[in-house]
Amino acid sequence: MTTPPLAELFRKLPSVDEVLRDPSLRDIEETYGRESVAEAARIVLSRLRQEISSALLNEKSLELALSGLSGAIENQLRRESSFSLRPVLNATGVLLHTNLGRAPLSDSAIDHIRESATRYSNLEFDLADGSRGKRDVHVDRLFRRLLASGKTGGDISTVVVNNNAAAVLLVLNTLAEGGEVIVSRGELVEIGGSFRIPDVMAKSGAILREVGTTNRTRVSDYEKAITDKTRLLLRVHRSNFEITGFTEQPSMEELVALARQRGIPLLEDLGSGALFDRRSVGIDGEPAVLDSLHAGVDIVTYSGDKLLGGPQAGLISGRPEFVARIRANSLFRALRVDKLTYAALEATLLAYVRQDHNAIPALRMMRLAKQEIEARAKTLAADITAAGIRAELLDGDSLLGGGAAPSTVLPTRLLAITYAELSAQEVAARLRACDPPIIARIEEGRILLDLRTVFPEQDATLAAALRRIAS
Ligand SMILES: *Cc1c(COP(=O)(O)O)cnc(C)c1O
């Protein structure tokens, strides 16, 4: 049998109109509408045309494809109308994974979003006198309770913008546009690919004045760089790297003393600002918002979805006179957040006020003891070894991630999985193809699962997926 020329195969393709006459498409049309079905038919036919051109189809396989045309059209429609943003099961042990959406929200945050966003709300309405209100008040009152104390001079204001990058941009623009900002060369960081201190500085209209060297900067370096053009001293937290060895950095107290003496405000970009006592979860090095304010820093900026465990947001907390100027900047209007963010943030902050840290998923995961993780890992291991999968428990580390202290790890028990006939890469790909997709670590040719970041109610889903892959 000779293979027919391509032209003959092309002739076998029906037109869109012909396809649409198929009575088996009537039901699909009811669901998706005639226009969408026609569009899907066009896509499916053009895919077939491409496959013919690339010699992927012969007469037989084309006939088979044509007999399943209505099924292919339905699949196409189903794919298009399903969500692209989907929940995944995070078995990496990276708590604040930027690629996986950072902090998962608490139940009360979701309830508060639903409650206040499915109806009208008093977002900017003063219920006491019926006049226009400010959206900041809903969370500013809670930040005040969490941050204001005798040690911070009793008064701290907070405003919320879209993320910490926006917070840094807004503070620099408000307090230093046209003037100079002094930063240590060791702190000219890049975070998450596109947040670079020199670039943000340029966009803010402030002029970067670098001092010191990559590894050593002294307070005298800052002092010598101060001129009548200086508007701000900036300290940036080294969120995703460390400089070790022959290093020196002025203490916060020294910088505060210099700032006070010369009457220049001091800004600290904390990145992952924590609102809880980090020692309670064994993370020592990560800066806390209160420590900086107590030390006398005038303004701090930090993310809402890192160690705080809330929604994406940029928080600017500090002395009321500075925060008032920041709030009055027209850029604030462009960077402000919506009611969903306020709702999630308010509920998260209320959990802190009530000292209910376990209500916040990221904090609950941080506080999980290694023994608890081990017990769950053992149950899971027993479940899957019965299905012929090799599973071994190992000591390892969970990571904070999201630009939190790089060397700060939490001890955990890892589950190392090997399948007789599949490479780790193949297993990882199959896990990602599960519903929900499962994201694992690969190390030294093995799949490693860290249950710290898996919600306990997901353990059974994870076990079932691992068994299914084996069969
Ligand atoms: C994470 C981080 C940022 C960026 O914060 P986003 O909320 O992601 O915009 C900026 N500065 C530091 C020090 C950070 O750690």
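The numbering of the sequence shown is this note's numbering, which starts it at 837 and goes up by one.
For each residue, glycine too, the CB sits at the ideal point set by N, CA and C.
What is the DSSP secondary structure of residue i, counted as helix, strand or coil?
{"i": "V1173", "result": "coil"}
{"i": "F961", "result": "strand"}
{"i": "L893", "result": "coil"}
{"i": "S942", "result": "coil"}
{"i": "M837", "result": "Legend: pLDDT at M837 = 49, less than 50; position of this residue unreliable, no value from coordinates given."}
{"i": "D1233", "result": "strand"}
{"i": "P1147", "result": "coil"}
{"i": "Q1275", "result": "Going by the sequence as given, residue 1275 is Ile instead of Gln. I1275 falls in the strand class under three-state DSSP."}
{"i": "P1034", "result": "helix"}
{"i": "S1307", "result": "coil"}
{"i": "T994", "result": "strand"}
{"i": "S903", "result": "helix"}
{"i": "I1018", "result": "strand"}
{"i": "Q1191", "result": "coil"}
{"i": "A1218", "result": "helix"}
{"i": "S1075", "result": "coil"}
{"i": "V1335", "result": "Nothing can be reported for residue 1335: it is not among the residues displayed for the chain, which extend from 837 to 1307."}
{"i": "R1054", "result": "coil"}
{"i": "S917", "result": "coil"}
Are residue i and residue j closer than 7 Å when you measure CB to CB?
{"i": "R1045", "j": "E1016", "result": "yes"}
{"i": "V852", "j": "L1181", "result": "no"}
{"i": "N926", "j": "I1275", "result": "yes"}
{"i": "A1223", "j": "A1306", "result": "yes"}
{"i": "G929", "j": "S1259", "result": "no"}
{"i": "L959", "j": "R971", "result": "yes"}
{"i": "V1125", "j": "A1149", "result": "no"}
{"i": "R1021", "j": "G1048", "result": "yes"}
What first and last residue would you give for the beta strand (DSSP E) that runs through residue i?
{"i": "I1286", "result": "Reading off the sequence shown, one finds Asp at residue 1286, where the question assumed Ile. R1282 to D1286 is the extent of the beta strand (DSSP E) around D1286."}
{"i": "Y1138", "result": "I1135 to S1139"}
{"i": "I1225", "result": "Where I1225 is concerned, there is no enclosing beta strand (DSSP E), given that its DSSP letter is neither H nor E."}
{"i": "D1113", "result": "Where D1113 is concerned, there is no enclosing beta strand (DSSP E), given that its DSSP letter is neither H nor E."}
{"i": "D1105", "result": "L1102 to G1107"}
{"i": "R1071", "result": "T1066 to V1072"}
{"i": "L1251", "result": "V1245 to T1254"}
{"i": "L809", "result": "Within the shown structure, residues of the chain are numbered from 837 to 1307, placing residue 809 beyond reach of any answer."}
Taking the continuous alpha helix (DSSP H) assigned at residue i, which residues delimit it?
{"i": "L1126", "result": "V1125 to A1131"}
{"i": "S1153", "result": "S1153 -> not in any alpha helix (DSSP H); beta strand (DSSP E) instead, spanning G1150 to G1154."}
{"i": "E865", "result": "R862 to Y868"}
{"i": "L1008", "result": "N1000 to A1012"}
{"i": "V924", "result": "First-last for V924: undefined, no H or E at that position."}
{"i": "S985", "result": "Segment: none, S985 is in no alpha helix (DSSP H) and carries neither H nor E."}
{"i": "S1087", "result": "First-last for S1087: undefined, no H or E at that position."}
{"i": "L1024", "result": "Taken as a continuous stretch (DSSP letters only), L1024 belongs to no alpha helix (DSSP H), as it is neither H nor E."}
{"i": "L845", "result": "L842 to K848"}
{"i": "V930", "result": "Counting along the chain, V930 falls outside any alpha helix (DSSP H), and DSSP gives it neither H nor E."}
Can you find a CB in chain C that lies within less than 7 Å of the CB of residue i?
{"i": "G1041", "result": "Chain labels in this structure do not include chain C; a single protein chain is all it has."}
- Query: Do the segment 861-880 and the segment 912-922 make contact, defined as three or more Cβ pairs closer than 8 Å?
  - Reply: Touching, per the Cβ criterion.
- Item | Contact between the segment 1295-1302 and the segment 935-954 (3+ Cβ pairs under 8 Å) | no
- May I ask you to verify whether the segment 1205-1215 touches the segment 1180-1197, counting CB pairs closer than 8 Å and requiring at least 3? Flag = no, the segment 1205-1215 and the segment 1180-1197 do not touch.
- Query: Between the segment 1169-1178 and the segment 915-922, do three or more beta carbon pairs fall short of 8 Å?
  - Reply: no
- Query: With a cut-off of 8 Å, do at least 3 Cβ pairs link the segment 1086-1094 to the segment 1001-1008?
  - Reply: no
- On the three-pair Cβ rule with 8 Å, is the segment 1247-1254 touching the segment 1280-1295? yes
- Item | Stretch pair the segment 1197-1206 + the segment 1113-1121: three plus CB contacts closer than 8 Å | yes
- At least three beta-carbon pairs within less than 8 Å, the segment 1048-1064 to the segment 1102-1111: no
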